[in-house]
Amino acid sequence: MGRQNLPRDQWLEIGSECPHCGERITEDLVYSLRPIPEDPKLALLYCANCGERNEINFV
Ligand SMILES: [Zn+2]
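Per this note's numbering, the very first residue in the sequence shown carries number 262; after that it's consecutive.
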């Protein structure tokens, strides 16, 4: 599992790279926002390319 710490605004704008395969991972792939969608601290998603589970920790 990959975990990245990124500013939320930056990640929503440009996404990031899957640490496993380098594919771009973006908001479109998110399946859950924690703890609540209105004020998320963590985005959970699976890479569309390799299937690796990723967590984006908003800082
Ligand atoms: Zn990947």
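We treat Cβ as the ideally placed atom computed from N, Cα and C, and that holds for glycine.
The structure presented is a predicted model; accordingly, all values stated were derived computationally and were not measured.
Residue i versus residue j - alpha carbon distance
i	j	result
E284	R264	15 Å
P280	D300	25 Å
I275	P296	23 Å
L303	E316	7 Å
N266	N318	5 Å
Simplified DSSP assignment, three categories, for residue i
i	result
I275	helix
E288	helix
Start-to-end residues for the beta strand (DSSP E) that takes in residue i
i	result
A304	303 to 307
E321	Residue numbering for the chain in the displayed model covers 262 to 320; residue 321 lies beyond these limits and cannot be assessed.
Chain D contact for residue i (CB, 7 Å cutoff)
i	result
R269	Absent from the structure: chain D. Only one protein chain is present.
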